[in-house]
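Engineer: This structure is in structure tokens; I'll ask about it shortly.
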Amino acid sequence: MNHKVIYLDYAATTPVDPRVAEKMAGCLTCEGMFANPASAHAPGRAARGAVEQARNQVAALVGAEPGEIIFTSGATESDNLAIKGAMHFYQGKGRHLVTSRIEHKAVLDTCKQLERDGFEVTWLKPDPDGLIQPSMIEQALRPDTVLVSIMHVNNEIGTLNDIAAIGRITRERGVLFHVDAAQSAGKLPIDLKTLRVDLMSFSGHKVYGPKGIGALYVRREPRVQLDPLIHGGGHEHGLRSGTLATHQIVGMGAAFDLARQELAQEAPRLRALRERLWQALHAAIPQALLNGHPSQRVCGILNVAFPGIEGESLLFACEALAVSSGSACTSADRQPSFVLRALGRDDQLAGSSIRFSVGRFSIAAEVDTAASIVSEEYRRLLDLAPTG
Amino acid sequence: MPASATEYSATVWTHFRSPCNAGEFPAGTAGVLGGEAGARQRGRAVAFQLQVNADGRVADCRYRVYGCPATIALCSLTSEALKGRPLAAASAFSVVALAEQLGLPAAKRSAALTVEDAIRSAAGRYNSPGWLPLAAAELTHRA
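Heads up: the protein sequence lines correspond to chains C and B, in order. Residue numbers are given in our numbering: position 271 of the first sequence equals residue 268, and the series is strictly consecutive. Residue numbers are given in our numbering: position 15 of the second sequence equals residue 82, and the series is strictly consecutive.
Shown next as structure tokens:
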């Protein structure tokens, strides 16, 4: 890692844990498990064994059966497969789905594509804390609703939706429930044996695994069926054809295994770091605003609006920090975060919001340094600005 | 980090980090013309002050700025460039050309226009009733 920059962008991606990288390296070269897992010979069987072990490891983190885990190229593909796959397979039942305005782009853009294809989408607006309440789902369901897709944890603000309650409603109404869990897996306990969730998307690189690998949980009881997106070989129960990327899959499995072992200790540690950062920022900048619900949130994500200054300048001024901005000010037309705008933040506040996300390699000293850098630069930019 | 981060030159970066002439003249300072442009709601706002001598030249500048790094850097560089220029030349100074010389992305052209507008607004107050250039104001004050 670049030690000149304090990395506080774990919600964007995580470094591969060295223990994971070691396992992956064992699947690449002549001495390792490089063979095609679909091959019948001994090296192929060895690779297949490694893939199935990884499947077990992914399933174990979330209380699923190994046979319910389908490997994909990442959470974006998982979202596409879940949503398009379900809507196309069950279109005889109906052509309506429900989602929210603050889903990840992988869900938003997939649903928009379905709208262009003639499906109907209900876009729910979150409450001012950034939550999708179960009652909102209940009111949006129709006799022709096939699917509800709601994220577990919002990737920008870290708020946590009550997927247990939403799942009870959808199951009772005979509607499928898809959850994007890219930001929650490994950070929150997930038990798919008790949750009434039918489809759940996971990402490898958010959990200290490699990029380019993800998984989709597809419930077997009651059975959920999907139309595949990719054809050609019938891999992954026919749902995702293509030669299995053994090293990526093994990496994701090892990463999920470590997350399962360390979750109980790591989640409170991250929560304490996040709280330490917020308290330091709020003490130095009392006018700073927390974006999203104050307590119903994932352990590692903090999103703060800094009134009175311009967002891109704050981000640049804090060049010693790797954080994410609430806006993409790369053009004359400013594009504040659609998530923060949906929460009711105006363009200025949405544009001057920063997402800090702590992770496995974060330490208290980094958080303290980050708070003092942001506070100092905030005051400098505020002093520079015209009054009024 | 936004994509434009890599598109800022070292000069822009330096003036963003340590802007020259930032702030404003103390209230009542002689010979000061002030003008504003832009709006926070639109992402940038600039308040520019020109201190003008009796010979009609810009003696000094101050500004306050809310905006992206390019806007801040352009205020800083322009405030240096205007010193010593006749007011008419200062008013005609092309911040857009400066932005092009600095290699700022085309999308930042509106930042340059906002700075230009603030300077022209200030210069346009040259003939305001009661305003006097620096030396004349000081003489009047002494008298």
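The beta carbon of each residue, even a glycine, is placed where N, CA and C say it ideally should be. Source: prediction; values computed, not measured.
Quick one: is C128 (chain B) near chain C, going by C-beta distance under 8 Å?
Structural biologist: Taking the first residue of the second sequence as position 1, residue 128 (chain B) is located at position 61. Chain C, which has no Cβ nearer than 8 Å to the Cβ of C128 (chain B), makes this no.
Engineer: Kindly give me the distance between the Cβ atoms of G89 (chain C) and V295 (chain C), rounded to whole angstroms, as I take these residues to be in contact under 8 Å.
Structural biologist: Looking up residue 89 (chain C) in the first sequence gives position 92. Looking up residue 295 (chain C) in the first sequence gives position 298. About 37 Å separates the two Cβ atoms, so there is no contact after all.
Engineer: In chain C, what lies closer than 8 Å to V132 (chain B) by C-beta?
Structural biologist: If you number the second sequence from 1, residue 132 (chain B) lands on position 65. What V132 (chain B) touches in chain C: L381, A382, P383.
Engineer: Please report whether the beta-carbon of A179 (chain B) lies at a distance below 8 Å from any beta-carbon of chain E.
Structural biologist: The structure shown contains no chain E; its protein chains are C and B.
Engineer: Which of the three DSSP states, helix, strand or coil, is assigned to P3 (chain C)?
Structural biologist: Position 6 of the first sequence, counted from the start, is the residue given in the question as residue 3 (chain C). Note on residue identity: the sequence assigns Ile, not Pro, to residue 3 (chain C). In the structure shown, I3 (chain C) sits in a strand (DSSP, three-state: E or B).
Engineer: For T119 (chain C), which option in C:R92, C:A103, C:L128, C:D254 has the closest C-alpha, if you only look at C-alpha atoms?
Structural biologist: On the first sequence, position 122 is the one that residue 119 (chain C) refers to. With distances taken between Cα atoms, T119 (chain C) lies closest to C:R92.
Engineer: Which residues of chain C have a Cβ atom closer than 9 Å to the Cβ of Q108 (chain B), listed in chain order?
Structural biologist: In the second sequence, the residue the question calls residue 108 (chain B) occupies position 41. Result: D343, D344, Q345.
Engineer: Given that a residue counts as buried once 16 or more other Cβ atoms are within 10 Å of its Cβ, and exposed if not, what is R209 (chain B)?
Structural biologist: Start at 1 with the first residue of the second sequence, and residue 209 (chain B) comes out as number 142. A caution first: R209 (chain B) carries a pLDDT of 46, below 50, which makes its placement in the model unreliable, though a value can still be read off. Exposed, by the Cβ-count rule.
Engineer: For A84 (chain C), does the three-state DSSP call read helix, strand or coil?
Structural biologist: Numbered from 1 along the first sequence, position 87 holds the residue referred to as residue 84 (chain C). Checking the sequence shown, residue 84 (chain C) turns out to be Met, not Ala. Helix at M84 (chain C).
Engineer: Any Cβ of chain C within less than 8 Å of the Cβ of C135 (chain B)?
Structural biologist: The sequence position of residue 135 (chain B) within the second sequence is 68, counting from 1. Answer yes: the Cβ-Cβ gap between C135 (chain B) and chain C drops below 8 Å somewhere.
Engineer: If we count the other Cβ atoms within 10 Å of its Cβ and call it buried at 16 or more, is S131 (chain B) buried or exposed?
Structural biologist: Counted from its first residue, the second sequence places residue 131 (chain B) at position 64. Per the sequence shown, the amino acid found at residue 131 (chain B) is Arg instead of Ser. With 16 or more other Cβ atoms within 10 Å, it is buried.
Engineer: Inspect the beta-carbon positions of Y4 (chain C) and G297 (chain C) and report whether they are closer than 8 Å.
Structural biologist: What you label residue 4 (chain C) is simply residue 7 of the first sequence in a count that begins at 1. What you label residue 297 (chain C) is simply residue 300 of the first sequence in a count that begins at 1. At the C-beta level, Y4 (chain C) and G297 (chain C) stay beyond 8 Å of one another.
Engineer: For I139 (chain B), which residues in chain C fall below 8 Å Cβ to Cβ?
Structural biologist: Position 72 of the second sequence, counted from the first residue, corresponds to residue 139 (chain B). Ordered by position in chain C, the residues that pass the 8 Å Cβ test against I139 (chain B) are S310, L381.
Engineer: What residues match up with S195 (chain B) in a beta bridge as DSSP calls it?
Structural biologist: One-based indexing of the second sequence puts residue 195 (chain B) at position 128. According to DSSP, which records beta bridges pairwise, S195 (chain B) is partnered with nothing at all.
Engineer: Helix, strand or coil, according to DSSP, for R111 (chain B) in the structure here?
Structural biologist: Numbered from 1 along the second sequence, position 44 holds the residue referred to as residue 111 (chain B). Three-state DSSP puts R111 (chain B) in a strand.
Engineer: Could you spell out the range, first to last residue, of the beta strand (DSSP E) harbouring R452 (chain C)?
Structural biologist: Because chain C spans -2 through 385 in this model, residue 452 (chain C) falls outside it and cannot be assessed.
Engineer: Please classify I246 (chain C): does DSSP put it in a helix, a strand, or coil?
Structural biologist: In the first sequence, counting from the first residue as 1, residue 246 (chain C) sits at position 249. DSSP places I246 (chain C) in helix when its eight states are reduced to three.
Engineer: Three or more C-beta pairs under 8 Å: does that hold for the stretch 137 to 148 of chain C against the stretch 267 to 276 of chain C?
Structural biologist: Taking 8 Å as the limit for Cβ pairs, the verdict is that the stretch 267 to 276 of chain C does not touch the stretch 137 to 148 of chain C.
Engineer: Between the Cα of A77 (chain B) and those of B:R111, B:R176, B:A137, B:A156, spot the shortest distance and give me the residue it belongs to.
Structural biologist: By one-based count along the second sequence, residue 77 (chain B) stands at place 10. Comparing Cα positions, the closest option is B:A137.
Engineer: So for P219 (chain C), helix, strand or coil by DSSP?
Structural biologist: As a working note, residue 219 (chain C) is residue 222 in the first sequence. Coil at P219 (chain C), not helix or strand.
Engineer: Are the C-beta of P93 (chain B) and some C-beta of chain C separated by less than 8 Å?
Structural biologist: Indexing the second sequence from 1 puts residue 93 (chain B) at position 26. Residue contact check for P93 (chain B) against chain C: no CB pair falls below 8 Å.
Engineer: With a cut-off of 8 Å, does the C-beta of E363 (chain C) fall near any C-beta of chain B?
Structural biologist: Here residue 363 (chain C) corresponds to residue number 366 of the first sequence, with the count starting at 1. Chain B contact via Cβ: absent.
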